[in-house]
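Taking it in order: structure first as structure tokens, then the write-up.
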Amino acid sequence: MQRFTNPRDIYHGKGALEVLKQFEGRKAVICVGGGSMKRFGFLDKAKSYLEEAGMEVRVFEGIEPDPSVKTVMKGAAFMQDFGPDWIVAIGGGSPIDAAKAMWIKYEYPEVTFEDMCVVFGLPKLRTKAKFCAISSTSGTATEVTAFSIITDYEKGIKYPIADFEITPDVAIVDPELAETMPKKLVAHTGMDALTHAIEAFVSTVHSDFTDAPAIRAIELIQENLIDSYNEDMTARDSMHNAQCLAGIAFSSGLLGIVHSMAHKTGAAFADYGSHIIHGAANAMYLPKVIAYNAKNEEAKKRYAVIADYMHLGGTTEDEKVAALIEYVRGMNDKLNIPHCIRNYGGDSYPTEQGFVPEDVFLERLPEIAANAILDACTGSNPRQPSQEDMEKLLKCCYYDTEVDF
């Protein structure tokens, strides 16, 4: 038996934010990140709509990119003091992910962060509040998923919280919010969405219910991502739908080791001045993982199906997989994303010499590989990597070398 879970309601299309006027409750807390939602007026709109619905509203601001355990605990304490019956998270993946974790701690104050990280081990939520997620970026799809990514900066590791309990009750997918994204964010979130869809399609727990949104997401991303990056707002709107469809696919169909590796490398070198941004990590690692997983016959067959849907050519499955790999690498070129960690310049664009020194990478490689194997996303990958395989695969991602094992 398998399970397919979505938010009860998904409101989509321009102007969907206004549905907040229809919410019923006494108190709502809005969780938000940096200044973009305030700067473009969406925070004020959300607050006024909830007040129009008759609620007392407070705002928890300043949730950082790659939200920390510390921020989660601070936000949960804010909720404990206020007592909301609606939690409304607005912005990119970070504020929504953080708010999901705050929600758990708000409902169960005795729960530790370690308890939260037990895969599909959460207690029943909605004893105190319902949850609404409003996405402003077109990539994470956390507004429809059973996942949250929180960073433990003391350990330098991103931890996925995975449980259907944190699937939002309501998702608002309003493309007007996504039209404010800068180009670099469009690139990173777009490749995150493509990775979600491809990994969900080849996951060991894929189903008819996850295959359909995964393939449609891939088609929409192929048609629209580059134009969206080049500031075509019609394409930007379509990408907002595409990323949500990819989220619907992977929330129930799960992911694979592209995400395992991205989670465990993202903050692993923060002491050298930067993070490997999640979407960029996925973009760099995806071609290598496709090559690795394609040694599995079932995965090869499914990658070939993706290539056929994308009309990439090729007569044999091997040719189709090769075409898919080259397509992804070509997308990275068009989006100004490097092909490997060695050339990843942190907050800057690709550089000849990235911010992760080779000796530091090699020194930390065994621990990173071990952590990636233990990541919640590894279990549904088509091939289960050994420690040796994972280290070799990460080296390929560092140096941009061929995967031949």
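In the numbering used here, the protein residues as written are 597 to 1001.
Every residue, glycine too, gets a C-beta built ideally from N, C-alpha and C.
State the beta-bridge partners of residue 766 as determined by DSSP.
-> 605, 728
inquiry  = Just to confirm my understanding: we take residue 641, look at its own chain, exclude 5 residues before and 5 after, and list those with CB closer than 7 Å. What are they?
reply    = 613
*Whole beta strand (DSSP E) elements within the region 678 to 757, 3-residue minimum*: Counting only runs of 3 or more, we get 682 to 687, 726 to 731, 743 to 748.
To the nearest whole angstrom, what separates the beta carbons of residue 682 and residue 624, a pair I think is in contact under 8 Å? 4 Å
**Request:** Quick one: grab the DSSP three-state call for residue 659.
**Result:** The answer is coil: DSSP assigns residue 659 none of H, G, I, E or B.
**Message:** If I follow the unbroken beta strand (DSSP E) through residue 624, where does it start and stop?
**Reply:** Residue 624 -> beta strand (DSSP E) spans 623 to 628.
### Message
Applying the 10 Å Cβ sphere with the 16-neighbour rule, what's the burial state of residue 832?
### Response
buried
Original post:
Is residue 696 near the ligand NAD, with its Cβ less than 6 Å from a heavy atom?
Top reply: Inclusion of the ligand NAD in the displayed structure is not the case, the ligand content being empty and no account of it being possible.
field: Check whether residue 824 and residue 782 have beta carbons under 7 Å apart
entry: yes
(Q) On the criterion of 16 or more Cβ atoms from any shown chain inside 10 Å, does residue 912 qualify as buried, or is it exposed? (A) Its Cβ having fewer than 16 others within 10 Å, residue 912 is exposed.
Can you grab the Cα-Cα spacing for the pair residue 764 / residue 693, in whole Å?
11 Å
Let's see if you can read the secondary structure: which residues bound the alpha helix (DSSP H) around residue 836? 829 to 849
**Request:** Kindly list the residues whose CB is nearer than 7 Å to the CB of residue 894, restricted to its own chain and excluding five residues on each side of it in sequence; keep chain order.
**Result:** 978
Return the first residue and the last residue of the alpha helix (DSSP H) that residue 818 is part of. 804 to 825
Where are the alpha helix (DSSP H) runs, 4 residues long or more, that stay fully inside the region 891 to 918, in chain order? 893 to 905
Among the candidates 885, 888, 955, 839, whose CA atom is the shortest distance from the CA of residue 868? 955
Exercise for review: Pull up the DSSP beta-bridge partners for residue 654, would you.
Suggested key: 625
Check whether the region 848 to 862 touches the region 722 to 738, taking contact to mean three or more Cβ pairs, one atom from each stretch, closer than 8 Å. no
Looking only at its chain, what residues have a beta carbon closer than 6 Å to the beta carbon of residue 541, apart from the 5 residues adjacent to it on each side? What is shown of the chain runs 597 to 1001, which leaves residue 541 out entirely.
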